[in-house]
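Here the structure comes first, spelled out in structure tokens, and everything after it is commentary.
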Amino acid sequence: MKITDIRTLCLSRPHEPERQWFSASFYVEKADCPIVIIDTDAGLQGIAEPSTYGDPPVIRQRLDALKPSLIGRDPLDPDLVSRPTGDRSMYIAYAGLELALWDLRAKAQNKTVAELIVPLITPDTPDRKPRTLFRLYASGGVQYDWDDRPTSVVDEARALADRGFTAYKMRLGTEWSWSGVTVAQMIDLLQEVTDAVGERMELMLEGNCRLDEAQAREIGHFLDEAGWTWFEEPLPKEQIDGYTRLNAELHLPITGGESNSTLAEFEPFFAQKAYAKGQLDVGVCSLGEAIRIYHCAKEYGVELFTQNWHNGLLTISNAHFLAALPEEHVLEMFIGQGPLQWDILKDPPATEGYLALPDAPGWGVELADDLETRFPYIPGPWGRAVER
Numbered sequence: 091m092k093i094t095d096i097r098t099l100c101l102s103r104p105h106e107p108e109r110q111w112f113s114a115s116f117y118v119e120k121a122d123c124p125i126v127i128i129d130t131d132a133g134l135q136g137i138a139e140p141s142t143y144g145d146p147p148v149i150r151q152r153l154d155a156l157k158p159s160l161i162g163r164d165p166l167d168p169d170l171v172s173r174p175t176g177d178r179s180m181y182i183a184y185a186g187l188e189l190a191l192w193d194l195r196a197k198a199q200n201k202t203v204a205e206l207i208v209p210l211i212t213p214d215t216p217d218r219k220p221r222t223l224f225r226l227y228a229s230g231g232v233q234y235d236w237d238d239r240p241t242s243v244v245d246e247a248r249a250l251a252d253r254g255f256t257a258y259k260m261r262l263g264t265e266w267s268w269s270g271v272t273v274a275q276m277i278d279l280l281q282e283v284t285d286a287v288g289e290r291m292e293l294m295l296e297g298n299c300r301l302d303e304a305q306a307r308e309i310g311h312f313l314d315e316a317g318w319t320w321f322e323e324p325l326p327k328e329q330i331d332g333y334t335r336l337n338a339e340l341h342l343p344i345t346g347g348e349s350n351s352t353l354a355e356f357e358p359f360f361a362q363k364a365y366a367k368g369q370l371d372v373g374v375c376s377l378g379e380a381i382r383i384y385h386c387a388k389e390y391g392v393e394l395f396t397q398n399w400h401n402g403l404l405t406i407s408n409a410h411f412l413a414a415l416p417e418e419h420v421l422e423m424f425i426g427q428g429p430l431q432w433d434i435l436k437d438p439p440a441t442e443g444y445l446a447l448p449d450a451p452g453w454g455v456e457l458a459d460d461l462e463t464r465f466p467y468i469p470g471p472w473g474r475a476v477e478r
């Protein structure tokens, strides 16, 4: 089998006004999606969705530069392409290529990607069956404004519980300095969410690296007392000592790592017990690196699972990684992405509270037709900073 082509689709869809979302001072008016496709002379095709954070045109540019060296090569060759060194966008482009190769190699062996991962995760039990059903946690809290009825986030949580979701992650809302928001106000809002759905849903808080240590400690103690499940990236990433102190002081897990591309970025947090649980995204770090990160986390006694944002194909890829782990974890799904999220796939799976992995080879899914016609790329960044 030989590679005949490598293509990168750059897709977009503008958000309707009611779907536009924001975090702090970052405002998002469209959804983007890069798709990597590897064609072969055997008729098999590998597909993947790297993280949008790599910027779809940049991903295409980087893979187009690699393509001449890969055309005519055997995609089953384990030494086909080496992991690069470079910036985050280079690692994300590589992740797209590598994930598409995993899909292709699994199809060639008539196996799912999860089945290929299992012996690399637990070599003592190489025939262990991967998990096939995942409880989804609804990831939202990005459409409430501290200047315009912030309690809308309570309504969102209640509506998601009514739809069948059993877990919900929210965020800190618009930039606090715009509205003079205090920690006490944030805690009051968290209490309202707890009162509304705390008996029906697990609850998690994403800090987006926005808090200082004193703010995070005060909020963290509330979350402990209220029975929330974890507190994600409360501090700026470089404050590893602050993470270590916070993780030691609080009972609920401090989690993080979603933007990390390499094991080298994760290991100091594992070694210092700065995270109780690490979170990676295979669309950022690649699947091979995710496996190495998992084993490193195990050595330090740290749990590892996935962060998952953006679109459906990457959701499926992150699910295959989780499926291969012996531990059971919930899977994140962003609830504000709009039709681009799942309409990129033929026969997308149901996602109301749970996701069942398809049992077909590879990722188990196929791309929908005419994607570039239906979702033409909208140039420019997917979000912008605003002032108020």
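Taken in order, the sequence shown gives residues 91 to 478; the numbers are from my numbering. Idealized CB from N, CA, C, for every residue including glycine.
>> I'd like to check one pair, alanine 204 with alanine 413: are the Cβ atoms closer than 9 Å?
In response: Taking the first residue of the sequence shown as 1, we reach residue 413 at position 323. Taking the first residue of the sequence shown as 1, we reach residue 204 at position 114. Yes. Within cutoff.
>> Looking at the secondary structure, which residues open and close the beta strand (DSSP E) in which tyrosine 184 lies?
In response: Taking the sequence shown and counting its residues from 1, one reaches residue 184 at position 94. Note, tyrosine 184: premise wrong, no beta strand (DSSP E); alpha helix (DSSP H) at 178–198.
> threonine 202 and glycine 402: beta carbons closer than 9 Å?
Replying inline: One-based indexing of the sequence shown puts residue 202 at position 112. One-based indexing of the sequence shown puts residue 402 at position 312. For threonine 202 and glycine 402, no; Cβs fall outside 9 Å.
> With C-beta atoms as the reference, is histidine 385 less than 9 Å away from phenylalanine 424?
Replying inline: Taking the first residue of the sequence shown as 1, we reach residue 385 at position 295. Taking the first residue of the sequence shown as 1, we reach residue 424 at position 334. Cβ distance not < 9 Å, so histidine 385 and phenylalanine 424 don't count as in contact.
> From glycine 231 to leucine 342, what does the alpha carbon distance come to, in whole angstroms?
Replying inline: As a first step, residue 231 must be located in the sequence shown, where it is residue number 141. As a first step, residue 342 must be located in the sequence shown, where it is residue number 252. Rounded to the nearest angstrom, the two C-alpha atoms are 20 Å apart.
> The beta strand (DSSP E) with aspartate 122 in it runs from where to where?
Replying inline: Along the sequence shown, read from residue 1 onward, the residue named residue 122 stands at position 32. Taken as a continuous stretch (DSSP letters only), the beta strand (DSSP E) holding aspartate 122 covers 120–130.
> Going by DSSP, which residues form a beta bridge with isoleucine 93?
Replying inline: Position 3 of the sequence shown, counted from the start, is the residue given in the question as residue 93. Beta-bridge pairing links isoleucine 93 to Thr130.
>> Using a 10 Å radius around the Cβ and a threshold of 16 neighbouring Cβ atoms, would you call asparagine 200 buried or exposed?
In response: Translated into the one-based positions of the sequence shown, residue 200 becomes position 110. It is exposed - the Cβ of asparagine 200 has fewer than 16 other Cβ atoms within 10 Å.
> Which of helix, strand or coil does DSSP assign to methionine 291?
Replying inline: For this step, residue 291 is matched to residue 201 along the sequence shown. Methionine 291 falls in the coil class under three-state DSSP.
> For lysine 436, does the three-state DSSP call read helix, strand or coil?
Replying inline: Here the question's residue 436 lines up with position 346 in the sequence shown. If DSSP states are grouped into helix, strand and coil, lysine 436 belongs with the strands.
>> Using the three-state DSSP reduction, which class does tyrosine 333 fall into: helix, strand or coil?
In response: Here residue 333 refers to the residue found at position 243 of the sequence shown. Residue state, collapsed to three classes: helix.
> Is the distance from the Cβ of isoleucine 93 to the Cβ of arginine 163 below 9 Å?
Replying inline: Position 3 of the sequence shown, counted from the start, is the residue given in the question as residue 93. Position 73 of the sequence shown, counted from the start, is the residue given in the question as residue 163. Yes, these two residues count as a Cβ contact at 9 Å.
>> Going by DSSP, what residue range makes up the beta strand (DSSP E) through tyrosine 227?
In response: Stepping through the sequence shown from its first residue, residue 227 is reached at position 137. Tyrosine 227 -> beta strand (DSSP E) spans 223–229.
> What are the boundary residues of the alpha helix (DSSP H) that tyrosine 384 is part of?
Replying inline: Stepping through the sequence shown from its first residue, residue 384 is reached at position 294. Segment 377–389, the alpha helix (DSSP H) holding tyrosine 384.
> Taking DSSP as the reference, what is the three-state secondary structure of phenylalanine 112?
Replying inline: Numbered from 1 along the sequence shown, position 22 holds the residue referred to as residue 112. Note: phenylalanine 112 maps to strand in three-state DSSP.
> At what residue ranges does the stretch 339–370 contain a whole run of the beta strand (DSSP E), taking only runs of 3 or more?
Replying inline: 344–346 and 367–370
> Taking the C-alpha atoms as reference points, what is the distance between glycine 263 and leucine 166?
Replying inline: To locate residue 263, count along the sequence shown from 1; it is residue 173. To locate residue 166, count along the sequence shown from 1; it is residue 76. Straight-line Cα distance between these residues: approximately 46 Å.
> In chain order, what residues of the same chain lie with their CB nearer than 7 Å to the CB of threonine 284, ignoring the 5 residues before and after it?
Replying inline: For the purposes of this step, residue 284 is taken as the residue at position 194 of the sequence shown. So the list reads Leu293 and Ala316, once near-sequence residues are dropped.
> Among Thr345, Glu308, Asp302 and Glu357, which residue has its Cα nearest to the Cα of glycine 332?
Replying inline: For the purposes of this step, residue 332 is taken as residue 242 along the sequence shown, with counting starting at 1. Among Thr345, Glu308, Asp302 and Glu357, the Cα nearest to that of glycine 332 belongs to Asp302.
> In or out: glutamate 188 buried (at least 16 other Cβ within 10 Å) or exposed?
Replying inline: Working through the sequence shown from its first residue, we reach residue 188 at position 98. Glutamate 188 should be labelled buried.
> If you compare alpha carbons, which of Thr222, Phe112 and Val171 is closest to serine 407?
Replying inline: The residue you call residue 407 lines up with position 317 of the sequence shown. Out of Thr222, Phe112 and Val171, Thr222 has the C-alpha closest to the C-alpha of serine 407.
> Between the C-alpha atoms of alanine 196 and isoleucine 137, what's the straight-line distance to the nearest angstrom?
Replying inline: Taking the sequence shown and counting its residues from 1, the one referred to as residue 196 is at position 106. Taking the sequence shown and counting its residues from 1, the one referred to as residue 137 is at position 47. If you take the alpha carbons of alanine 196 and isoleucine 137, they lie about 11 Å apart.
> Given a threshold of 16 other Cβ atoms within 10 Å of its Cβ, counted over all protein chains shown, does threonine 441 qualify as buried or as exposed?
Replying inline: Counting from one through the sequence shown, the residue named residue 441 turns up at place 351. Buried, since its Cβ has 16 or more Cβ neighbours within 10 Å.
> isoleucine 137 bridges to which residues according to DSSP?
Replying inline: Position 47 of the sequence shown, counted from the first residue, corresponds to residue 137. Looking at the DSSP assignment, isoleucine 137 forms a beta bridge with Ile127.
>> Quick check: what's the CA-CA separation for proline 124 versus proline 471?
In response: By 1-based counting over the sequence shown, the position of residue 124 is 34. By 1-based counting over the sequence shown, the position of residue 471 is 381. Spanning the two alpha carbons is a distance of roughly 13 Å.
> Are the CB atoms of arginine 150 and cysteine 100 nearer to each other than 9 Å?
Replying inline: Working through the sequence shown from its first residue, we reach residue 150 at position 60. Working through the sequence shown from its first residue, we reach residue 100 at position 10. Yes; because the gap between Cβ atoms is below 9 Å, this pair is in contact.
> Going by beta carbon distance, what residues of the same chain come within less than 8 Å of lysine 327, once the five residues before and after it are set aside?
Replying inline: As a working note, residue 327 is residue 237 in the sequence shown. So the qualifying residues of the chain are Cys299, Gly346 and Ser349.
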